[in-house]
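Residue numbers (this note's numbering), protein chains in the order written: chain B, 1 to 320; chain U, 321 to 841; chain R, 842 to 1113; chain C, 1114 to 1618.
Virtual Cβ for every residue (Gly too), placed ideally from N, Cα, C.
Worksheet: the structure to be examined is printed underneath.
Printed below as a string of structure tokens:
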């Protein structure tokens, strides 16, 4: 049994290490890839002299290693510096984009869960039945259809056929929470669909396994109906066993949201990331990567916490 | 009011199980028996004889693939086969209670004990507060001194015996008229199983619950059951009061089963292995302490499980190690095998030490064939096979009682006993100077148990391979070991000649283990 | 005991689906109805017809011919990438799970770091250092995919490490490398197969996403993922540009998926 | 008034291709003063705005927005005319070293202060320090009678267009990137990174008739596809820089498509310093081997102007129409030239293309297909924009590339990059005659002489086949049919002042 404070301390160390490593990778990457932020900002029309001036103004005439150490020093104090191309503090830039990426991921996760659990429960309650076969076959196909094509078809359907959705009409949550959710709904569905297939497959297998478990048999011997057993025993237990899988799905979802926001033209982290790379905006990219590391570590930490919250065995520090 | 007459009558029950649409295999073949009100009926047989299927058929927990072809199950005068699944489910927990073999996973790990039991009442819409009291009362009846505390615990915090008590409490909560107990003690240690059987006995006496008690160990039910029937191939081949069956078994099969259950050294041809006086020491342990360390990078805490263990084993000796669950037996073995680093003390080994573990389900690697396992053991030993490997493998398999045909099988295609024999064959391939066997028979039925014990005993005698046998079964120890050490709470409390230790126990621990034998476990 | 579809059905379906891809791969090597990269200003974005079975794209190229040719890149990129990821992820996961402790933490921090690191930047870096080759992009993608496999293998290894047969192997003093790869590895097949199939699907799409920064399969060559990415602008005008590559991709992934299901149910944890 | 500039620009008029593909109510863009006031419009942009300081701004995407915020003494209109703006009149000394402007009176900055000579002197001086193009200004003096005289350090008869440089309040130069105070028809309201820019109507604009709209938003879209989706969804009203096939997908009842030659020079640029393109015969062979009409049909749906040499015909008289068709496709000729140069069996070449420009990537695909006919085996290498700038444009480490060159709307700006010593001569072109002409043109006062020199220069370049010039792509813009008065400029400008609603919403 480990104390909570100790666990948190370890997680913080882990995060610090991860962030340090990732920012170091970023530094290495930037020192080998060609490209000059000042030239990218000015384009082909500017003369060498203008580019030199801008380089001096931006401070990118200093060696990258110096700039990296500078950035690292600032990051230690919580200051991620200013973006070269946007000329605004990186922290602010990222904070304005986070609601899109995180909101979309969260909504996608919720969609995955509220669809996959009932689907799996229906199939697992009568494995081999016609319903099971049809739903499972549907799952197989969803598994194989690229999310990419799916997104395009959904956009086509909703904008063209129904006219009820407008890509890119994003509203910040602070402006109107309802519109914020509405603007992220369809992209979230696109991210969620392929993940539903994966989660469903796992949950179904796990529910079938738990249906044959000793405690399910005990519950039967207690006179509980199959439905009751499903609800009170099998679903909670498969939820526990699927936390790991769901956390994997969630990191997939994060990756997916970075792609889907391109297609839907949403101002999220993924687009910021791409523009940081294509403009060779070192402070901005380092900042984004820093946040991604933070999110990843928090994600895994949360999945541990949730696991512990529902599973007393884990609370007692006993591995499964 | 208890039902008068036969509480349960099974008449001509024939049951088949189909597999993937293929025609069903006959599991129960015209089975007929009756349980009288208020009696404990023992049902005995080897694995695969249809005992468990009988329990499932009576309780109505058969899977979709099992089909009752003919016959009747009359409970309290009503034919259960004519009832709908829903009606039958309702009987469960109310009129018929069931407990199963392995209590380790029979309770939902995510719910407290109280919640696990209260569902029986919840599903019948009974008053919450009254229900709570009822649960606590029942927990007290099954022997918990502080029921409130037990009710608030999660199952993983309970020992095996405690869990089985909780399950019995669940089965008995609604005061059913029939309790079906399917090998409720076979995964528990001696002392604990004794107490569980005592508890069942009391429930029968005081609450008037009839019990159908299923076991593979004929000897175990002798003192416990009013009547016993023996099953083989889906039918009852022998049935009488316990004393009669024990005294004069009517069929040769029953007699054989009895002999195997008793581990009668003469009938099985067992002799306790004994080292020559001048034999060299194979394993010498001095002041050994060990435990588990847990914790993070920063703080290390450790828990010492065994302390100051000192003993020697000489070549050809067979040493027994007894003690109830949690006494540190397993930790000691793991330390001896080098899986746990000792915190202090020394272990001197003279030659290779091999091991056989308890659970046949995980003793072999499911991804590989028997031949692979033997080959792996051969490679690990560094032995030169001397030409044809396969003939060596087949010879070794034959020695353990397996045949050439088993060589290319996967573990999933073998029975539990066969798997343990493969594990033993793996040990033999390496020609070890000693084999440590950690309760290698406890998960097997009586017949398999007897054959594995005989095998180990033969190896000990013929190959002069030193043995360290860990068991809670005193019959085994008595039959195989010339010396014994008794552990309790991480230390050796008693050691010496088997006969003298067991006939004149010097400590309470040994006495309790001996008492358990009264019940034949 | 439960009714399970006959594994043979998986095998047969898988083979049928994959044979479509195999045939197009083989035929595409020797013959295509039109030049793979032959542009035709007179036949831009024409709908499927007898002349052009799958229609033509925005440069008047025959989509059927390109579908035949695209299978080779799709197969190359997805298999090579996943194989690289698998080798790396398996090794890392087995080591982390088997040895635990500090090594485990180091590997996990490293794998988390790689997970947070933008794959496209890694590919850009690989190309900058080792030259503009498709293989450099493939291994970079493989590196990005590896942590997923590492995680699956790690948790599986931790679980199996306490099994008696692994203890037995340790007692027999089998070398750790052998325990990991011969004793533990095959038992994790059933866990890793679905992840591999998802990986193959994701890999084909990740590769096409790389074209944003000019990485991956270079034009005029095409993979299915790239064809889809290029078709994005013509979804309303020319849905066939989306439908046929999608179909091919679905055949490919679904075929592999069914084969993996067959392997899993026949050789994996199906028998327990 | 400088006659040459005027003539040049009016010549543009005739050759400017200004057609409305889907004509709506009004025949052309002549802004009638009866337009409806009020309302708002959203313009889609695909580049993140970066720099708002008018003196350091370089990116075309920024300039076209700031056109609405800052104004100079002179201002272009959509026909390419250079008109007085913050000045009401101007005179040029005979030796072309002194330009004198009469300032417009009563012009208010967005902060309410009034424009005076001090602001002009301050702004032009600052511009001459920061913007190399204006560094030729040696002094600016206040003549006291509401006129200002600018003196150049050398005669330059091509300088007038540089007076479009912004005039800002005196002393505000350090902070102008944040305050963004100018005199333009719109006030810079806000900028949110990744989202866009909001402009609002300048109530005190010196031309009381303009602007019409209350609010204009420039909204950032990830790329053209995303922009199209938004356009269809109605969240964008105006979307410039469409490609032809995208434009064809739009519903003509909802959008008007405007097209115009864009003064862009798209070409397959050949590195003259690298084998085999150091051989003029190989360069000519490549020019003969490709079919420009097919490429334009394929890539642009025909919406582009074929080019033979380094200048677009939209430049007017400086361009010599006699050059048209010099390099019409002639496979036999190409093969012959290749054989002469010792490449009878063809050769392998690599085209390095910036991956973010789909049009160039597609052009590369088409060219690769065409060059295979003469045995040239092309492999295409995509690189990202920053890499392209670094390796190809600055580093000149490439064999061939496809790009579209942009320039100011002045012929000299088009050709001065071909001086062998020019730092932006990324194709390593070198011809002493061309160098000489580039040096002489700005010193030559006579307009006819200058035109002759431009034509001579283009002649050399065509003969040298400096590169393989392909097209001047039409710029296309979709405008929602609820709006009118939008005009395409032959340069990077989004003029919102004339845009108005068709009917009150």
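List the residues of chain B whose Cβ lies closer than 8 Å to the Cβ of residue 926 of chain R, in chain order.
-> Simply none; closest approach about 14 Å.
Residue 573 of chain U and residue 605 of chain U: beta carbons closer than 7 Å?
-> no
DSSP-derived helix/strand/coil call for residue 1163 of chain C = If DSSP states are grouped into helix, strand and coil, residue 1163 of chain C belongs with coil.
Cutoff 7 Å: residue 221 of chain B Cβ touching any chain U Cβ | yes
Which residues share a DSSP beta bridge with residue 89 of chain B?
-> B:82
Does the beta carbon of residue 1014 of chain R come closer than 7 Å to any beta carbon on chain U?
-> yes
So, are the CB atoms of residue 884 of chain R and residue 896 of chain R less than 7 Å apart?
-> no
Which residue comes first and which comes last in the alpha helix (DSSP H) that contains residue 713 of chain U?
-> Here the alpha helix (DSSP H) through residue 713 of chain U covers 709 to 719.
Looking at C-alpha atoms only, which residue of B:281, B:37, B:266 is the closest neighbour of residue 104 of chain B?
-> Checked all of B:281, B:37, B:266; the closest Cα to residue 104 of chain B is B:266.
Tell me, to the nearest whole angstrom, how far the beta carbon of residue 767 of chain U is from that of residue 680 of chain U; I am working on the premise that it is less than 8 Å.
-> The Cβ separation is near 14 Å, so there is no contact.
Quick one: does the C-beta of residue 593 of chain U sit closer than 6 Å to a heavy atom of the ligand NAP?
-> The model depicted lacks the ligand NAP and carries no ligand whatsoever.
Is residue 299 of chain B close to chain R, meaning its C-beta is less than 7 Å from at least one C-beta of that chain?
-> no
Is any beta-carbon of chain B found at less than 7 Å from that of residue 558 of chain U?
-> no
CB contact check: residue 48 of chain B to chain C, cutoff 7 Å = yes
Since residue 758 of chain U sits in a beta bridge, which residues does DSSP pair it with?
-> U:790
For residue 682 of chain U, decide whether its Cβ has a neighbour in chain R, counting only Cβ atoms nearer than 7 Å.
-> For residue 682 of chain U, the nearest CB of chain R lies under 7 Å from its own CB, placing it at the interface with that chain.
What does residue 782 of chain R reach in chain B if we use C-beta pairs closer than 7 Å?
-> There is simply no residue 782 of chain R to check, as chain R begins at 842 and stops at 1113 in what is shown.
When the Cα atoms are used, what is the spatial distance from residue 1339 of chain C to residue 1331 of chain C?
-> 14 Å
Taking Cβ to Cβ, would you say residue 1310 of chain C is nearer than 7 Å to residue 1318 of chain C?
-> no
For residue 68 of chain B, count neighbouring Cβ atoms within 10 angstroms of its own Cβ and tell me buried if that reaches 16, exposed if not.
-> buried
In chain B, what lies closer than 7 Å to residue 413 of chain U by C-beta?
-> 221, 222, 223
From which residue to which residue does the alpha helix (DSSP H) around residue 49 of chain B run?
-> 48 to 58
Where do the N-terminal and C-terminal ends of the beta strand (DSSP E) with residue 1332 of chain C fall, by residue?
-> Per DSSP, the unbroken beta strand (DSSP E) holding residue 1332 of chain C starts and ends at 1328 to 1333.
Is residue 656 of chain U close to chain R, meaning its C-beta is less than 7 Å from at least one C-beta of that chain?
-> no
Hey, residue 477 of chain U and residue 462 of chain U: beta-carbon distance below 7 Å or not?
-> no
At least three beta-carbon pairs within less than 8 Å, the region 2 to 19 of chain B to the region 297 to 304 of chain B = yes
Excluding the five sequence neighbours on either side, which residues of its own chain have a C-beta within less than 7 Å of the C-beta of residue 1103 of chain R, listed in chain order?
-> 848, 851, 852, 855
Can you tell me whether DSSP reads residue 242 of chain B as helix, strand or coil?
-> For residue 242 of chain B, the secondary structure class from DSSP, reduced to helix, strand or coil, is coil.
Interface partners of residue 474 of chain U on chain B, CB under 7 Å | 312
Are the C-beta atoms of residue 1540 of chain C and some chain B residue less than 7 Å apart?
-> no
Please report how far the alpha carbon of residue 1306 of chain C lies from the alpha carbon of residue 957 of chain R, in whole angstroms.
-> So the two alpha carbons sit approximately 23 Å from each other.
For chain B, find out if any of its Cβ atoms is closer than 7 Å to the Cβ of residue 428 of chain U; answer yes or no.
-> yes
Sorted by chain position, which residues of the same chain lie with C-beta nearer than 7 Å to residue 1514 of chain C's C-beta, five sequence neighbours on each side aside?
-> Hits under 7 Å: 1382, 1464, 1465, 1466, 1505.
Alpha-carbon to alpha-carbon, residue 1045 of chain R and residue 1089 of chain R | 12 Å
Identified DSSP bridge partners for residue 1017 of chain R = In the DSSP output, where bridge partners are listed per residue, residue 1017 of chain R has none listed.
Short Cβ contact (7 Å threshold) for residue 289 of chain U with residue 347 of chain U | This structure leaves residue 289 of chain U out entirely; chain U is present only between 321 and 841.
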